[in-house]
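These notes are about the structure you will find just below.
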Amino acid sequence: MWKKIAGIGTAAVLTLGLAACGSSNNNENASVGDQVNYKITGIDPGAGIMNATDQALKDYDLSKWTVTSGSSSAMTAALKKAYDKKDPIIITGWTPHWMFAKYDLKYLKDPKGSYGDAEEIHTVTRKGFKDDHPGANKLLSQFSWTEDDMGEVMLAVQEGKKPEEAAADFVKKHQDLVKKWTKGVDKADGEKIKLGYVAWDSEIASTNVIAKVLEDLGYNVTLSQVEAGPMWTGIANGSVDASLAAWLPQTHKTYAEKYKGKYEDIGTSMTGVKIGLVVPTYMKDVNSIEDLKK
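Note that the sequence shown covers residues -19 to -1, 1 to 275 in mature numbering (1 follows the signal peptide of the UniProt record, and there is no 0).
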């Protein structure tokens, strides 16, 4: 049976991730599974990409393979360590993400469609949010940007800036874009808004940018970083006002269906986003998930 290693801490994930890298330079004729000890380096166990990876293991009959879970930062640390040594590694990846700008990476083809089609990032709010905060709702519904826009903020954070500083720099630099988001939105007078988000680099970027724009309009904004499940629960029970972190239709499908009718989907902030298994391009003989069976 396929297996999943869940609940290991960051240090353990790093250890497993680095062990998975192996020493391919000494055993180049080994199968890709042998080279990485049949391990895929994943992220937090509640993420939709992890559920999709479980499905991929079933769909492709990868009975020897396991997927480790931990933080996304542990995953990128394992990737950096392997990449610097040109060691093989397989990770769960998604775009937009700064690692695609920093490293030469490729998605493995997914002919069985385990990871679904292209995704979208949606903005969702609690029921009644529009009536309580029509201005903020209008702003959130008008928010959209490109992968390059988001990448600018993500890279700044990855290079050492605090998220709120990177967001402020972006807002200052891209006032034309901000004017589109705020068109027809009146100033507020200290209205309180609570935004929930998951600890992905992409959502850290978007949430901090919108928080800055809301604050500039006069809102009192609180950010709540949680895992995907609690984020959706907060929207559904009204303890969280809004989130810009709903990946649909695949990644957060379980939560969207579970809480159907208990939230409002008010807009799409980005299209064409993607999830899947990712490897460095120097792994030239691995181009499809089917290659993992060889």
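Ideal Cβ placement from N, Cα and C applies to all residues, glycine included.
Cutoff 7 Å; reference glutamine 206; Cβ partners in own chain excluding five residues on either side: Tyr178 and Ala180
For glycine 74 versus valine 254, is the C-beta spacing smaller than 8 Å? Going by C-beta atoms, glycine 74 is not nearer than 8 Å to valine 254.
Have a look at Asn18, Asp98 and Ile174 and flag the residue whose alpha-carbon is nearest the alpha-carbon of isoleucine 216. Checked all of Asn18, Asp98 and Ile174; the closest Cα to isoleucine 216 is Ile174.
Lysine 193, DSSP secondary structure in three states: helix
Determine contact between the segment 148 to 162 and the segment 190 to 209, defined as no fewer than three beta-carbon pairs at a distance below 8 Å. yes
Measuring CB atoms only, is the segment 51 to 64 touching the segment 226 to 236, in the sense that at least three cross pairs come out at less than 8 Å? no
Terminal residues of the continuous beta strand (DSSP E) containing proline 261? Unbroken beta strand (DSSP E) run through proline 261: 244 to 261.
Would you say leucine 89 touches the ligand HEM, meaning its beta carbon is less than 7 Å from a heavy atom? Looking at this structure, you won't find the ligand HEM or any other ligand, since it has none at all.
Express the C-alpha separation of tryptophan 79 and serine 52 in angstroms, rounding to a whole number. Cα to Cα, the separation comes out at about 16 Å.
Ignoring anything shorter than 4 residues, give me the alpha helix (DSSP H) runs that lie fully in the segment 160 to 244, in order along the chain. Contiguous alpha helix (DSSP H) elements confined to the segment 160 to 244 occur at 182 to 197, 209 to 218 and 234 to 239, taking only those with 4 or more residues.
Inter-residue Cα distance where the pair is alanine 148 and glycine 171: In a straight line, the C-alpha of alanine 148 is about 20 Å away from that of glycine 171.
Locate the alpha helix (DSSP H) running through lysine 154, then write down its first and last residues. 144 to 154
Spatial neighbours of leucine 86 in its chain, beta-carbon cut-off 8 Å, leaving aside the 5 residues before and after: Within the same chain, leucine 86 has close Cβ partners Gly74, Met80, Val259, Val260, Pro261 and Thr262.
Check the C-beta distance from isoleucine 102 over to serine 224 and give it rounded, since I have them as a contact under 8 Å. Actually they do not touch by this definition, with Cβ atoms about 10 Å apart.
For isoleucine 21, which beta-bridge partners are listed by DSSP? Paired residue(s): Val48.
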